[in-house]
């Protein structure tokens, strides 16, 4: 069962961007190669840099850009594509840039006369690689910002704990563009996490800083995504959150969420095949009655955060729905 339900996730709006490079990236790569060779040749000649040097640098840079585009196209067809700005794409970009620079260097050494100095291909490739990294980082940043919840409609919340469970919840929240809640701060008692920033969200302190963090960020609730937490810690954080006028919720361990989601796999339903959204329904088709327990439910607890059952096989029913009444026993037949 997903931790945070949204229609966007069901339609795949939060999938990594694995489309072909856009025309903007191709033009940017070409400009990076041309600019890299121009700068490399200029640093070689400095004040003796002439128009002929500029023309040859632009020409060699354009050839390098064409070679790079051809190598990148062949690599994508053979090995596949990667999300824009991902580590895999940057690693592949480094290899493609190195091969393109080496080919241009060999061609430059074999040419008579040489169009550019021997060191220009290496320097130009390095400069072009830095510019192309910056372009892809900007592309990834733009994509990630498009997936974040709308600040005008989403309610701000704090997350206590930046372990594996907390980071999983954080990634799920910042990648849901239609999510009703957005993290505005992190809390953790570990001194090593001070001033740490994850997914653009900063750690604001520990348990003693809960009221100050709520007042500073305007958060309306505190989520506690901890697998195994000390009951005293939970009570202390809960009291601090409620005392500051915010809600409090404890999320189940990640392994229970995954286990419940895997064991409750089912066939697609008609409503899903037709594209209608089933907001407020759990994986069994029943209304989401498994809210997070505590005072927060009456005080505006997140209505999209649902807790997995204590046991995977445990059944659920909607809150307020009466159990099926047993049929009354039939009266015994009259012996007469």
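In UniProt numbering, the protein residues as written are 1 to 336. Glycine is no exception: its CB is placed at the ideal position from the N, C-alpha and C atoms.
- request: Starting from residue 183, trace the beta strand (DSSP E) both ways and give me its first and last residue.
  value: One-based indexing of the chain shown puts residue 183 at position 183. Here the beta strand (DSSP E) through residue 183 covers 181–187.
task: Determine, using beta carbons only, whether residue 147 and residue 184 come nearer to each other than 9 Å.
output: On the chain shown, position 147 is the one that residue 147 refers to. On the chain shown, position 184 is the one that residue 184 refers to. Not a contact, by the Cβ cut-off of 9 Å.
Whole-angstrom C-beta distance between residue 129 and residue 94, which should lie under 8 Å: Translated into the one-based positions of the chain shown, residue 94 becomes position 94. Translated into the one-based positions of the chain shown, residue 129 becomes position 129. The Cβ separation is near 7 Å, so the contact holds.
field: For residue 196 and residue 207, the rounded distance between their alpha carbons
entry: As a working note, residue 207 is residue 207 in the chain shown. As a working note, residue 196 is residue 196 in the chain shown. Whole-angstrom Cα-Cα distance: 16 Å.
field: Inside the segment 158–216 only - alpha helix (DSSP H) runs reaching at least 4 residues
entry: Inside the segment 158–216, DSSP marks whole alpha helix (DSSP H) runs of 4 or more residues at positions 164–174, from first to last along the chain.
- request: Determine the closest residue to residue 68 out of 219, 102, 180 and 221, with distance taken between C-alpha atoms.
  value: On the chain shown, residue 68 is found 68 positions in, with the first residue counted as 1. When only C-alpha atoms are compared, the closest one is 102.
message: Can you tell me which residues form a DSSP beta bridge with residue 248?
response: For this step, residue 248 is matched to residue 248 along the chain shown. According to DSSP, which records beta bridges pairwise, residue 248 is partnered with 222.
query: For residue 156, which three-state DSSP category applies?
result: Position 156 of the chain shown holds residue 156. Note: residue 156 maps to strand in three-state DSSP.
field: Backbone CA spacing between residue 26 and residue 77 [nearest angstrom]
entry: As a first step, residue 26 must be located in the chain shown, where it is residue number 26. As a first step, residue 77 must be located in the chain shown, where it is residue number 77. Computed Cα separation, rounded: 16 Å.
message: Below 8 Å on the Cβ atoms is my contact criterion, and I expect residue 222 with residue 192 to pass it. Report the Cβ-Cβ distance as a whole number of Å.
response: On the chain shown, position 222 is the one that residue 222 refers to. On the chain shown, position 192 is the one that residue 192 refers to. At roughly 21 Å, the Cβ-Cβ gap does not stay under 8 Å, so residue 222 and residue 192 are not in contact.
field: DSSP-derived helix/strand/coil call for residue 29
entry: Position 29 of the chain shown, counting from 1, holds the residue named residue 29. Looking at residue 29 - three-state DSSP - the assignment turns out to be helix.
task: Alpha carbon to alpha carbon, how far is residue 251 from residue 73? Give it in angstroms, no decimals.
output: On the chain shown, position 73 is the one that residue 73 refers to. On the chain shown, position 251 is the one that residue 251 refers to. Roughly 45 Å separates the two Cα atoms.
message: So for residue 131, helix, strand or coil by DSSP?
response: Within the chain shown, the letter at position 131 stands for residue 131. Helix at residue 131.
query: Taking the alpha helix (DSSP H) that residue 240 falls in, what are its first and last residues?
result: Mapped onto the chain shown, residue 240 falls at position 240. 231–243 is the extent of the alpha helix (DSSP H) around residue 240.
query: In three-state DSSP terms, what is residue 117?
result: Working through the chain shown from its first residue, we reach residue 117 at position 117. In the structure shown, residue 117 sits in coil (DSSP, three-state: anything other than H, G, I, E or B).
- prompt: Could you give the distance in angstroms between the alpha-carbon of residue 176 and the alpha-carbon of residue 90?
  reply: The residue labelled residue 176 in the question sits at position 176 within the chain shown. The residue labelled residue 90 in the question sits at position 90 within the chain shown. Straight-line Cα distance between these residues: approximately 25 Å.
query: Would you call residue 137 buried or exposed, if buried means 16 or more other Cβ atoms sit within 10 Å of its Cβ?
result: As a position in the chain shown, residue 137 is number 137, starting the count at 1. With fewer than 16 other Cβ atoms within 10 Å, it is exposed.
query: Taking the alpha helix (DSSP H) that residue 51 falls in, what are its first and last residues?
result: Numbered from 1 along the chain shown, position 51 holds the residue referred to as residue 51. Looking at the DSSP string, the run of the alpha helix (DSSP H) that includes residue 51 is 51–79.
field: Backbone secondary structure at residue 95 - three-state DSSP
entry: Taking the chain shown and counting its residues from 1, one reaches residue 95 at position 95. Here residue 95 sits in helix by DSSP.
- request: Please classify residue 125: is it buried, with 16 or more other beta-carbons within 10 angstroms of its beta-carbon, or exposed?
  value: Taking the chain shown and counting its residues from 1, the one referred to as residue 125 is at position 125. With 16 or more other Cβ atoms within 10 Å, it is buried.
- request: Let me know if residue 118 comes out buried or exposed under the rule of 16 or more other beta-carbons within 10 Å of its beta-carbon.
  value: For the purposes of this step, residue 118 is taken as the residue at position 118 of the chain shown. The residue is exposed, with fewer than 16 neighbouring Cβ atoms inside 10 Å.
message: In whole angstroms, give me the CA-to-CA distance for residue 170 and residue 29.
response: The residue you call residue 170 lines up with position 170 of the chain shown. The residue you call residue 29 lines up with position 29 of the chain shown. Rounded to the nearest angstrom, the two C-alpha atoms are 33 Å apart.
Where residue 204 falls, given that 16 or more other Cβ within 10 Å makes a residue buried: Walking along the chain shown from the start, residue 204 turns up at place 204. Residue 204 is buried by the Cβ-count criterion.
- request: Measure from the alpha carbon of residue 59 to the alpha carbon of each residue in 121, 81 and 22, then state which is nearest.
  value: Sequence index remark: in the chain shown, residue 59 carries index 59 (1-based). Per the Cα distances, 121.
message: What does the Cβ neighbour count give for residue 66, buried or exposed, with the cut at 16 atoms within 10 Å?
response: Working through the chain shown from its first residue, we reach residue 66 at position 66. Classification for residue 66: exposed.
field: Sequence-distant residues of the same chain with beta carbon closer than 7 Å to residue 54, five excluded per side
entry: Translated into positions along the chain shown, residue 54 becomes position 54. Listed in chain order, the non-local C-beta contacts of residue 54 below 7 Å within the same chain comprise 38, local neighbours out to five positions each way being set aside.
query: Assuming residue 156 contacts residue 218 under a Cβ cut-off of 8 Å, what Cβ separation, rounded to an integer in Å, is found between them?
result: In the chain shown, counting from the first residue as 1, residue 156 sits at position 156. In the chain shown, counting from the first residue as 1, residue 218 sits at position 218. Between residue 218 and residue 156 the Cβ distance is about 6 Å, and since that is below 8 Å, they are a contact.
task: With DSSP collapsed to three states, give me the class of residue 84.
output: Indexing the chain shown from 1 puts residue 84 at position 84. The answer is coil: DSSP assigns residue 84 none of H, G, I, E or B.
Given residue 162 as reference, the closest of 111, 134, 57 and 186 once Cα atoms are compared: Here residue 162 corresponds to residue number 162 of the chain shown, with the count starting at 1. Comparing C-alpha distances from residue 162 to each of 111, 134, 57 and 186 shows the shortest one belongs to 186.
Local Cβ density within 10 Å of residue 106, reported as buried at 16 or more and exposed below that: As a working mapping, residue 106 is identified with position 106 in the chain shown. Its Cβ having fewer than 16 others within 10 Å, residue 106 is exposed.
message: Let's test the definition: count the other Cβ atoms within 10 Å of the Cβ of residue 149 and tell me whether it reaches 16, buried, or not, exposed.
response: Along the chain shown, read from residue 1 onward, the residue named residue 149 stands at position 149. So residue 149 ends up on the buried side.
field: DSSP state of residue 43 mapped onto helix, strand, coil
entry: For the purposes of this step, residue 43 is taken as residue 43 along the chain shown, with counting starting at 1. Helix, per DSSP.
- prompt: Do the CB positions of residue 224 and residue 240 come within less than 9 Å of each other?
  reply: In the chain shown, residue 224 corresponds to position 224, counting from 1. In the chain shown, residue 240 corresponds to position 240, counting from 1. It is not a contact, given that the beta carbons lie outside the stated cut-off.
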